[in-house]
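Shown next, in structure tokens, is the structure this report addresses.
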Amino acid sequence: MHRVSPDNLTFVAPCLYSNGRQLVIQHLDPDQLVQGLTIKLLFRDPVQYIKEHYHDEQLVRNFFSVGDYSHEDRTVAEDNFIASILSIQRSVNNKYDLAQWCQKIAADRFRCLDGHDEFWGALALADSSVQKIASETMATIGKRHNLRKRGTDGQAEVPAASRRKVQIEEHDNIRIPGLKVSLMSFLKTTASTLRFDKSAQDAYVKSLCENNILDISDLSKGSQMNMMSTKQQRCISDRFRFIPDADSNISNDILKIIKSAAEKSTKGAMKAMYKYLSSAKGSDAAIGRACLVILERHQLDSSLLDAPSLNQLSEGDLIIKLWGPMIEHMFLGSRVRPHWHYVILMLQWEIMLTLCFRGDTVPTWYRKNPAICMGKPKMDLRLICFKTNGDEEDLGSGEVGRHVKRSKYYHDKTKLAITAKAQLNNLIKTYHLNTEQACKLKICTIQLLETQGEIYVLRLCANGTYIYNIIADIQLPLSTSKMYQDTKDLIAGLAHLQHNDGFSKGPDHDQNTIHTFPQKNQHYTPWIRDVIGNFDEDEENTSVT
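First residue of the sequence shown: 58, per this note's numbering; consecutive thereafter.
Listed below in structure tokens is the structure:
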């Protein structure tokens with residue numbers, strides 16, 4: 058029971074009467090009309106209430122009113138609203154308007170909860186025991202910092218420790234010594250105080266936590282792992298670290314040729330590689346061709362690898378002249394086909410031309426269900442597996458950056474991680490994979506910034522828990538003195554990118570593939586979680602650092 062002023066009753070009563078809700082008014086007399094009405098609102102199922110009233114313009118305010126919350130329960134009321142939306146998202150098919158509405162509310166970071174200070178202030182004023190608190194609350198209307206809204210000039214900074222945490226409970230059942238709740242519950246609750254406009258890293262951490270993804274490779278200050286103690290970090294790393302079993306299988310003949318380029322001359326090594334490729338077959342030929350790209354670049358156009366020239370390259374140049382040819386060669390003979398942001402024509406003597414239009418870089422999972430996220434994701438690189446019936450599935454993706462900027466790094470990394478989750482979910486749903494089968498899947502991503510690169514793998518490791526783990530750091534050989542080791546590491550890294558896509562293996566491989574997955578299951582694993590993301594924003598226009 059709590060007291061509500063007559064002014065507030067004007068927006069409560071019509072809603073309740075028109076929808077059949079019970080409103081019990083006790084001791085209705087003139088004195089109480091002046092002092093405030095004592096009412097009791099029956100509110101048994103917040104999820105059902107949202108389902109019935111989500112079209113109402115005053116849904117949030119009516120939700121607070123019907124829920125019979127006191128002014129001290131504001132955080133509880135907001136948490137219940139958020140939990141109800143997330144519950145509906147998980148239980149309602151995405152094709153329905155309600156699910157799309159919930160997706161929009163979640164993607165907008167629940168900003169609909171803002172702007173209700175006047176309601177809570179009036180509620181506090183109705184109780185004489187909190188007159189002082191209520192007066193202070195009302196005095197700050199229009200001045201207090203809006204926690205969910207992007208910052209504007211002149212707004213005071215609110216420390217993360219001072220912001221209200223949204224207590225979120227997940228069912229991952231991952232218990233880490235020292236944490237009172239499960240691992241994912243802790244991460245999502247802690248990240249609820251972060252702001253998307255504060256820094257690129259904060260936006261990355263918040264986006265990953267909202268999507269139940271844990272990046273166990275990033276131990277830097279402000280990272281997800283940095284939220285925990287060193288002992289807890291070791292516990293998590295030991296439990297979830299993924300060590301790939303891929304072997305680049307670089308033949309000794311190729312290694313000798315690369316070593317001769319570093320110790321003698323690139324011209325002689327290039328001629329030796331031509332001779333080797335005349336008889337090489339299979340993966341040896343693919344790896345040899347990738348290495349030949351490096352040798353030719355050093356011998357025929359070494360000035361391109363100088364710092365001044367690299368600074369002048371566009372993203373298209375990086376793809377066409379450097380990364381594209383090597384990755385294309387590495388996937389020769391596999392079932393996975395790289396599909397680039399730019400259409401590339403490869404002519405004799407490895408001369409590269411680019412057409413004046415872009416390729417179809419929208420992933421398959423988005424074309425199947427556009428309502429899955431806000432905006433249309435466009436990737437610089439898609440790794441596509443074409444099935445025998447002509448269908449295609451996305452098994453990985455990549456992003457290319459021109460400059461190594463912190464904002465660009467975290468923007469692309471966020472995009473890749475969320476896309477990998479969507480790709481993994483799509484495969485699990487399409488092939489009705491049970492929990493055991495789903496946990497065997499791995500989605501690889503590659504992030505390229507100028508001449509450096511990182512290769513990550515995403516896996517489903519527990520109920521509602523996706524683990525993002527770096528498996529290779531790669532570097533284009535920029536000097537002959539480092540050519541041998543850099544080339545060896547580069548080929549090994551790209552081999553991981555190919556090898557870890559289990560769908561690319563033939564039917565005789567011991568891992569399930571896109572051609573051999575049994576489709577007898579009627580249901581897929583309940584461990585997956587919906588994607589929460591907005592791909593409308595252009596990184597070039599963001600102001601975070």
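All residues carry an ideal CB built from backbone N, CA and C; glycine is no exception.
#1: Considering only residues of the same chain and omitting the five flanking positions on each side of leucine 535, which have a CB-CB separation below 7 Å?
#2: DSSP beta-bridge partners for asparagine 526?
#3: Take aspartate 229 as the anchor and find which of Leu547, Gly521, Leu533 has the nearest alpha-carbon.
#4: How many Å lie between glutamate 449 and glutamate 129 at the Cα?
#5: Between which two residues does the beta strand (DSSP E) containing arginine 354 stretch?
#6: Measuring CA to CA, which of Asp113, Thr492, Leu251, Leu490 is closest to glycine 279?
#7: Within its chain, find whatever has a CB closer than 6 Å to the CB of tyrosine 467; leave out the 5 residues flanking it on each side and keep chain order.
#8: Could you check which residue in Ser538, Gly381, Ile485, Gln504 has the C-alpha nearest to that of leucine 517?
#9: If you draw a straight line from the C-alpha of methionine 284 to the C-alpha of threonine 471, how long is it?
#10: Could you work out which residue in Ser239, Ala164, Tyr525 is closest to isoleucine 225 when comparing CA atoms only?
#11: Excluding five sequence neighbours on each side, which residues of the same chain lie with their C-beta closer than 7 Å to the C-beta of glutamate 511?
#12: Sort Trp158, Val133, Thr132, Tyr153 by Cα distance to isoleucine 142 and report the nearest one.
#13: Who are the near neighbours of aspartate 565 in its chain, counting only those whose CB is closer than 6 Å to its CB and skipping five residues on each side?
#14: Could you tell me if glutamate 493 is buried or exposed, where buried requires 16 or more neighbouring beta carbons within 10 angstroms of its beta carbon?
#15: Looking at the strands, I want to know which residues DSSP matches up with serine 454.
#16: On the DSSP letters alone, give me the boundaries of the alpha helix (DSSP H) that proline 583 sits inside.
#17: Just confirm the distance between the C-beta atoms of phenylalanine 176 and arginine 118, as a whole number of angstroms; I'd bet it's less than 8 Å.
#18: Under the three-state reduction of DSSP, which class applies to leucine 554: helix, strand or coil?
#19: Out of Thr132, Ile162, Thr247, Pro301, which has the shortest C-alpha to C-alpha gap to leucine 515?
#20: Does glutamate 320 pass the burial test, meaning 16 or more other C-beta atoms within 10 Å, or should it be called exposed?
#21: Note down the Cα distance separating leucine 490 from glycine 325, rounded to an integer number of angstroms.
#22: Under 8 Å Cβ to Cβ from serine 360, same chain only, skipping five residues before and after it: list those, please.
#23: Considering only their Cβ atoms, is the gap separating valine 350 from histidine 396 smaller than 8 Å?
#24: How many angstroms separate the CA atom of aspartate 136 from the CA atom of phenylalanine 121?
#25: Looking only at DSSP bridge pairs, what is leucine 271 linked to?
#26: Could you tell me the alpha carbon to alpha carbon distance between methionine 270 and proline 382, rounded to whole angstroms?
#27: Is the CB-CB distance between valine 419 and lysine 435 below 8 Å?
#28: For arginine 394, list the residues DSSP reports as bridge partners.
#29: List the whole-angstrom C-beta distance separating isoleucine 384 from leucine 498, where the pair is believed to meet the contact cut-off of C-beta under 8 Å.
#30: By Cβ distance below 6 Å, which residues in the same chain neighbour serine 185 in space, the five residues on each side in sequence not counted?
#31: Helix or strand or just coil, what does DSSP make of glutamine 494?
#32: For isoleucine 531, list the residues DSSP reports as bridge partners.
#33: Does the Cβ of arginine 586 have 16 or more other Cβ atoms within 10 Å, making it buried, or fewer, making it exposed?
#34: So, at 8 Å on beta carbons, what are the nonlocal neighbours of histidine 548 in its own chain, with the 5 sequence-adjacent residues on each side left out?
#35: Pick helix, strand or coil for glutamate 226, following the three-state DSSP scheme.
#36: Tyrosine 523 to tyrosine 581, Cα distance in whole Å?
This is what the structure gives:
#1: Walking along the sequence shown from the start, residue 535 turns up at place 478. Excluding sequence neighbours, leucine 535 sits near Leu362, Thr508.
#2: As a position in the sequence shown, residue 526 is number 469, starting the count at 1. According to DSSP, asparagine 526 bridges with Val514.
#3: In the sequence shown, counting from the first residue as 1, residue 229 sits at position 172. The residue with the shortest Cα to Cα distance from aspartate 229 is Gly521.
#4: Residue mapping note: residue 449 aligns to position 392 of the sequence shown, counting from 1. Residue mapping note: residue 129 aligns to position 72 of the sequence shown, counting from 1. Those two C-alpha atoms are separated by around 53 Å.
#5: By one-based count along the sequence shown, residue 354 stands at place 297. Premise fails: arginine 354 lies in the alpha helix (DSSP H), 339-357, not in any beta strand (DSSP E).
#6: Within the sequence shown, the letter at position 222 stands for residue 279. Selected option, being the one with the closest Cα: Leu251.
#7: Residue mapping note: residue 467 aligns to position 410 of the sequence shown, counting from 1. Ala257, Gln258, Tyr261.
#8: In the sequence shown, counting from the first residue as 1, residue 517 sits at position 460. Among Ser538, Gly381, Ile485, Gln504, the Cα nearest to that of leucine 517 is on Ile485.
#9: Walking along the sequence shown from the start, residue 284 turns up at place 227. Walking along the sequence shown from the start, residue 471 turns up at place 414. So the alpha carbons of these two residues sit roughly 18 Å apart.
#10: Counting from one through the sequence shown, the residue named residue 225 turns up at place 168. Ranking the options by Cα distance to isoleucine 225, first place goes to Ser239.
#11: Your numbering for residue 511 matches position 454 in the sequence shown. If we look at glutamate 511 and ignore the five residues flanking it on each side, its Cβ neighbours are Gln504, Ile527, Asp530.
#12: On the sequence shown, position 85 is the one that residue 142 refers to. Minimum Cα distance to isoleucine 142 is reached at Trp158.
#13: Indexing the sequence shown from 1 puts residue 565 at position 508. Bear in mind that the predicted position of aspartate 565 carries a pLDDT of just 35, short of 50, making it unreliable; the figure below should be weighed with that in mind. Answer for aspartate 565: no residue qualifies.
#14: Here the question's residue 493 lines up with position 436 in the sequence shown. With fewer than 16 other Cβ atoms within 10 Å, it is exposed.
#15: Locating residue 454 in the sequence shown gives position 397, where the first residue counts as 1. According to DSSP, serine 454 bridges with Arg439, Thr502.
#16: Residue mapping note: residue 583 aligns to position 526 of the sequence shown, counting from 1. Run containing proline 583: none; DSSP gives neither H nor E here.
#17: In the sequence shown, the residue the question calls residue 176 occupies position 119. In the sequence shown, the residue the question calls residue 118 occupies position 61. About 6 Å; that satisfies the 8 Å criterion.
#18: Position 497 of the sequence shown, counting from 1, holds the residue named residue 554. In the structure shown, leucine 554 sits in a helix (DSSP, three-state: H, G or I).
#19: For this step, residue 515 is matched to residue 458 along the sequence shown. It is Pro301.
#20: Along the sequence shown, read from residue 1 onward, the residue named residue 320 stands at position 263. Looking at its Cβ environment, which holds fewer than 16 other Cβ atoms inside 10 Å, glutamate 320 is exposed.
#21: Residue 490 sits at position 433 when you count from the first residue of the sequence shown. Residue 325 sits at position 268 when you count from the first residue of the sequence shown. Those two C-alpha atoms are separated by around 52 Å.
#22: Here the question's residue 360 lines up with position 303 in the sequence shown. For serine 360, where only same-chain residues beyond five positions count, the Cβ hits under 8 Å are Ser366.
#23: Translated into the one-based positions of the sequence shown, residue 396 becomes position 339. Translated into the one-based positions of the sequence shown, residue 350 becomes position 293. No, they are not a contact pair.
#24: In the sequence shown, residue 136 corresponds to position 79, counting from 1. In the sequence shown, residue 121 corresponds to position 64, counting from 1. So the alpha carbons of these two residues sit roughly 11 Å apart.
#25: Residue 271 sits at position 214 when you count from the first residue of the sequence shown. Paired residues: Ile524.
#26: Position 213 of the sequence shown holds residue 270. Position 325 of the sequence shown holds residue 382. The displayed chain sequence assigns isoleucine, not methionine, to residue 270. So the alpha carbons of these two residues sit roughly 32 Å apart.
#27: Counting from one through the sequence shown, the residue named residue 419 turns up at place 362. Counting from one through the sequence shown, the residue named residue 435 turns up at place 378. Against a cut-off of 8 Å, the Cβ pair of lysine 435 and valine 419 comes out as a contact.
#28: Looking up residue 394 in the sequence shown gives position 337. Partner(s): Ile441.
#29: Position 327 of the sequence shown holds residue 384. Position 441 of the sequence shown holds residue 498. Wrong, their Cβ atoms sit about 22 Å apart, outside the cutoff.
#30: By 1-based counting over the sequence shown, the position of residue 185 is 128. Confidence at serine 185 is low in this model, with a pLDDT of 46, below 50, so its placement is unreliable and no value can be given for it.
#31: Working through the sequence shown from its first residue, we reach residue 494 at position 437. Note: glutamine 494 maps to helix in three-state DSSP.
#32: For the purposes of this step, residue 531 is taken as residue 474 along the sequence shown, with counting starting at 1. Beta-bridge pairing links isoleucine 531 to Gly510.
#33: Locating residue 586 in the sequence shown gives position 529, counting from the first residue. Flag for arginine 586 reads buried.
#34: Along the sequence shown, one-based indexing puts residue 548 at 491. Rather than histidine, the amino acid found at residue 548 in this sequence is isoleucine. So the qualifying residues of the chain are Ser305, Ile307, Ile344, Ala347, Cys348, Met387.
#35: Stepping through the sequence shown from its first residue, residue 226 is reached at position 169. The answer is coil: DSSP assigns glutamate 226 none of H, G, I, E or B.
#36: Along the sequence shown, read from residue 1 onward, the residue named residue 523 stands at position 466. Along the sequence shown, read from residue 1 onward, the residue named residue 581 stands at position 524. In a straight line, the C-alpha of tyrosine 523 is about 16 Å away from that of tyrosine 581.
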